[in-house]
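Have a look at the structure below, then the notes.
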Amino acid sequence: MAKKKAEGYLSAKESRRISKQNRKITNELEKKRKRKNVPESEYLTTMHDPNNSVEFDNLHTYFFTDSGTVKSVDGVTFEVPIGKTVGVVGESGCGKSVTSLSLMQLLQRPQGQIVEGEIRLNLGDKAYDVAKMPYEKLQDLRGNFVSMIFQEPMTALNPVFRIGDQLEEVLELHNKDMSKEKMKARTIELLEMVGIANSEGVYKMFPHELSGGMRQRVVIAMALACRPKVIIADEPTTALDVTIQAQVLDLLRNLKDKINSSIMFITHDLGVIAEMADYVVVMYAGRIVEKGTAEEIFDNPAHPYTIGLMASKPVVGKQVDHLYSIPGKVPNPINMPNYCYFKDRCEMCVGRCDGAYPEEVSISPTHKVSCYRYYADAEKGGNA
Amino acid sequence: MAGVKELAEGVGRAHPEPLNKSPEQVDVEMEKRKERIEQEIHTNKKRSGSLEIENNYTPVTYDDQYILMVNALKKYFPIKGGMVTKTIGWVKAVDGVTFNLRRGTTMGLVGESGCGKTTTGRAILRLGGEKSGGQVLFNGQEIYDLSPKEMRALRTKMQIIFQDPFSSLSPRLPVGEIIGEAVREHNLVPKSEFNDYIDKVMDDCGLQPFHKDRYPHEFSGGQRQRICIARALALNPEFVVCDEPVSALDVSIQAQIINLLKELQQKRSLTYLFISHDLSVVEHISDVVGVMYLGNLVEYGSTADIFRNPLHPYTKALFSAIPIPDPKAKMNRIVLEGSIPSPANPPSGCKFHTRCAQCMERCKVEAPKQIEVEKDHYVVCHLYDK
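Which chain is which? The protein sequence lines are Z and S, in order.
The numbering used here puts the first residue of the first sequence at 589, with every later residue one more than the last.
The numbering used here puts the first residue of the second sequence at 2, with every later residue one more than the last.
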């Protein structure tokens, strides 16, 4: 049997050509973003709905790699309303984290670039388009208006600095005229807020002296230090035990109400999403396949992928002999098909699925799905 | 130079300060010192309990419906310290675990991280040194009494699937070699049938024959876990320890692997010890569930009994913490305060009393014993002690 040439095989020549081309594109984009003293008018924008704190509008984030362009986020549109929690679900590699990193502008540069679309961030009296902001201005936003809780508390904390120093660094950066005493008082207040009883002691400790749950509390305290408007929680409980997870989720829910900010909650655990989120966004291969309120998504999942995802998770109290598993695998991100990305794995295909990628269809004012199965209904109703 | 001179003058003297103490004074000081040392030794002992490991258990007799009988199994790890490196205490990772496992069934072992689930699994397979106490009977044979040669032969009967498929496969070996290495080593099949045998095992685990020449890095997480499963099953074992085999995988891949494990169990009548912290997965795959807390099995019974009627306060708290994928589900969650205490210095009496909402005075001093509440449903708690 002849050895099959591996899928995605590239000759050295081809690879060189691609990387040369990539450099050209990324250099141009980088140059634009690295300019100094950019007038504010260039990235000033208005929110489509003043009740939203973040609006992602047709966001495209690509990674220009040596083996081709990876369209990690390919036309994502959704809103995070003020004071609400939006859950983003999907398998690993579907673009959940890249969406949040685009908002924070923490993409791996220069390969990772936002090539199209807007991310409108509501700052209260004005709104900025984060996708167009120059890099030098971004530091004022990070931590102050948008902050992030990372997945692994051990890697998010610096092992050689004390907890107190690490928390104070955030305050120091954004409040230049704060006195040392005030800063310490605020840090201890923060530690108490996240439910650390021995806050004076923890202030002087190193990260390795704390347990996983405590470390995650410190990371949360760090994210909340400047009372941000938007908190991105990127799988904050994946590395924790169920009992600790329950503690951390409780804490996040209470704190959100206390400082009235929005949470963008990224996870692959549908149980956690059901508990935390008001709105749910389901992503697959860089695109949103379904979005709606939590009740709509869980009671009436419309997209075959969402249905499959829910069926494949065993649920306590529900006995099934054989778990459903979605056949096949995620398509190669470099050569995406030009029809519906889920078609090859879908068991509910209809005739029209061979056509172009389906547009979003509204099932209800808040419930939207990208699937041809709902086109007929929508056309009958006349609101396609 | 002056410093050197001073140093040089000091060299010849045994005592830097002049000896102008009377002999009585010296005696008193010596006495005090002795007392202090004795006290230190005493407190040290108190802190770590006595350094002697208690090993009193009533031996079990072999019952042939059970493939595995674990009786009061203990696995302690020494804490080294002091001037001369010696053992100053023990980390009681597994502290008296007792259960029996029927042939062809699956036992789920759940608990928080650090409670000794994995150590139990490893101790049962005699991986990682000697046990500290108790018995492990595999098909009626105490495995810790076997000679290395006998143990080697027994290894084919008991296998393990590790948690992380990314770090448990050698990156330098092709997949066919990873799966076949042990088969060749144990001479399980004649050389002429070797290739067909590996193909068959791979086919059973959902791998294609042409995958044989590829290396682990060419596979996705789910495929790698299949390779790990194939490696364990190639030896045709009777008993497999699955140490969190699906924790590192995505939900949809998880379902494939769980289905595969269940299929293989029926096909080959395997017995599993399924270690996981994901309770919904454990409920799905297990017939019997054991709940561990700080090195002890606190509750043990059939899956239906445990999940419908959890008895131990810890089990109740653990189950109430499972997130339910239904936004309308009512939550009356028992949130446990704090985190798991250190196994090097576990609380006295019942180890759970520091976090228990129903703690009584008795729990703080007296360790509870295993009680059979219903048939085959055991709990270790004073609340059910009548």
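Idealized CB from N, CA, C, for every residue including glycine.
Asked, Found
"Would you mind sorting Z:Gln754 into buried or exposed? The rule is 16 or more other CB atoms within 10 Å of its CB.", "buried"
"Can you tell me which of the three DSSP states Z:Arg623 falls into?", "coil"
"Just verifying my parser: in three-state terms, what is the DSSP assignment at Z:Gln804?", "helix"
"Against chain S, does Z:Pro902 count as a neighbour if the rule is that its beta carbon must be under 9 Å from one of theirs?", "yes"
"Is the region 252-263 of chain S close to the region 294-314 of chain S, with three or more CB pairs under 8 Å?", "no"
"When DSSP builds the beta bridges, which residues end up paired with Z:Met852?", "Z:Val674 and Z:Ile820"
"Nearest to Z:Met810 by alpha carbon, out of Z:Glu769, Z:Leu840 and Z:Ala944?", "Z:Leu840"
"Going by the DSSP bridge assignment, what does Z:Thr881 pair with across the sheet?", "Z:Tyr867"
"Residues in the region 717-744 of chain Z with C-beta within 8 Å of chain S's C-beta atoms, listed in sequence order?", "none"
"Counting only Cβ-Cβ distances shorter than 7 Å, please list the residues of the region 877-890 of chain Z near chain S, keeping chain order.", "Ala882, Glu883 and Phe886"
"Give the DSSP bridge partners of S:Leu74, in chain order.", "S:Val98"
"What are the complete alpha helix (DSSP H) segments, minimum 4 residues, inside the region 880-935 of chain Z?", "882-887 and 892-899"
"Between Z:Leu828, Z:Gly874 and Z:Ile885, which has its C-alpha nearest S:Ser340's C-alpha?", "Z:Leu828"
"Here's the rule I'm using: 16 or more other beta-carbon atoms within 10 Å means buried, otherwise exposed. How should Z:Gly880 be labelled?", "buried"
"How would you call Z:Phe738, buried or exposed, if buried means at least 16 neighbouring beta carbons within 10 angstroms?", "buried"
"Which of the three DSSP states, helix, strand or coil, is assigned to S:Phe195?", "helix"
"Got a sec: which bits of the region 829-843 of chain Z sit with their beta carbon under 9 Å from any beta carbon on chain S, in order along the chain?", "Asp829, Val830, Thr831, Ile832, Gln833, Ala834, Gln835, Leu837 and Asp838"
"Would you list the residues sitting across from S:Lys93 in a DSSP beta bridge?", "S:Tyr77"
"In whole angstroms, give me the CA-to-CA distance for S:Tyr385 and S:Asn101.", "22 Å"
"For chain S, find out if any of its Cβ atoms is closer than 9 Å to the Cβ of Z:Val869; answer yes or no.", "no"
"What residues in the region 304-323 of chain S have a beta carbon less than 7 Å from any beta carbon of chain Z?", "Phe308, Ala318, Leu319, Ala322 and Ile323"
"Run down chain S in chain order and give the residues with a C-beta less than 8 Å from the C-beta of Z:Val860.", "Pro324"
"So, does the CB of S:Pro172 fall closer than 9 Å to a CB anywhere in chain Z?", "no"
"Which residues in chain S have a C-beta closer than 8 Å to the C-beta of Z:Met898? List them in chain order.", "Pro326"
"Thinking C-alpha only, which one of Z:Ser655, Z:Leu691, Z:Thr653 and Z:Lys714 is nearest Z:Thr665?", "Z:Leu691"
"Which same chain residues end up closer than 6 Å to S:Cys357 when comparing Cβ atoms and leaving out the 5 residues on each side of it in sequence?", "Pro314"
"In three-state DSSP terms, what is S:Leu110?", "strand"
"Using DSSP with H/G/I as helix, E/B as strand and the rest coil, what is Z:Arg875?", "strand"
"Going by DSSP, name the residue or residues bridged to Z:Asp662.", "Z:His648"
"Output the residue ranges of the beta strand (DSSP E) runs that lie fully inside the region 705-769 of chain Z and measure 3 residues or longer, sorted by chain position.", "715-717 and 734-737"
"Going by DSSP, what residue range makes up the beta strand (DSSP E) through Z:Cys937?", "No beta strand (DSSP E) holds Z:Cys937; DSSP gives it neither H nor E."
"Just reading off the alpha helix (DSSP H) that S:Asn260 is part of, what are its end residues?", "Val252 to Arg269"
"I need the straight-line Cα distance from Z:Ser688 to Z:Ile820, nearest angstrom please.", "7 Å"
"Within its chain, find whatever has a CB closer than 6 Å to the CB of Z:Thr775; leave out the 5 residues flanking it on each side and keep chain order.", "Gly752, Leu755 and Glu756"
"Can you list the beta strand (DSSP E) stretches of 3 or more residues lying completely in the region 271-302 of chain S, in chain order?", "272-276 and 289-294"
"Does S:Val23 pass the burial test, meaning 16 or more other C-beta atoms within 10 Å, or should it be called exposed?", "Here the sequence assigns Ser to residue 23 of chain S, which means Val is not the residue at that position. Answer is exposed; the Cβ neighbour count stays below 16."
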